[in-house]
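Heads up: take any position in the sequence shown, counting from 1, add 817, and you land on the working numbering.
Here the structure comes first, spelled out in structure tokens, and everything after it is commentary.
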Amino acid sequence: MLLSCARRSAFPATMTKAAGRCRRYANDNKLILEELAADFEAPKSPAPPTPAPVRPLPSIFTSEKPTSSLPAGYVPFSISSPYNPYDFEPKNRTRPTSRPFVEPAGPPRAIAIREDVFHQLDLNPLDEVLNCGLITSFTTPMGRIKKRNETRLTWKNQRRIGKAIRRAQAMGLIPKYSQWDKSMIR
């Protein structure tokens, strides 16, 4: 492998002797470096003072994972990861023991067909928009539409009852932010 001469203009004028040798092979690199060092040898200065002994870095800065310093079950911090302040709380330092319970979206189709009143009576919930008592039974006390696992309706009728509730709220038949009371005159 040949050394490049492209940087010849960057050398100072005193290096012309060494720069003329830049076409040597790679195994002669050591000789070139020694000659360059001899050309630019700095005056000898007194020996630098010995540095103070270096203390080892704490274990959080090293790649080794401390095993005895962490309580059982704690997750060690990694060096190059960003952290939230909440990550330092003891309850967030432990691994979860099991997966959290996820509530099902609603009943399976076979059960929903048996429990869905609209499906059994072959009614369309959109036709019942003016029936405020029926529609508000599918809303919470705060006026929100109940989930499918609470109403026990099929997917199709859950979407339709939601649409009917929104229509009734838009028409002003039922309140948006509270449940319709039986004492309200309509």
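By construction, the Cβ of each residue, glycine as well, lies at the ideal position given by its N, Cα and C atoms.
query	result
With H, G and I counted as helix, E and B as strand and the rest as coil, what does DSSP make of Gln996?	coil
Compare the C-alpha of Gln986 against each of Val946, Ser897, Leu848 and name the closest.	Val946
Grab the span of the alpha helix (DSSP H) containing Thr968 for me, first residue to last.	965–968
Is there contact here, the stretch 926–944 with the stretch 974–982, by at least three beta-carbon pairs under 8 Å?	yes
CA-CA distance, Lys980 and Ile962?	10 Å
Provide the residue(s) that pair with Thr956 in DSSP beta bridges, ordered along the chain.	Ile962
Can you tell me whether Asn909 sits near the ligand HEM, meaning its C-beta is under 7 Å from at least one heavy atom of the ligand?	You won't find the ligand HEM in this model; it holds no ligand whatsoever.
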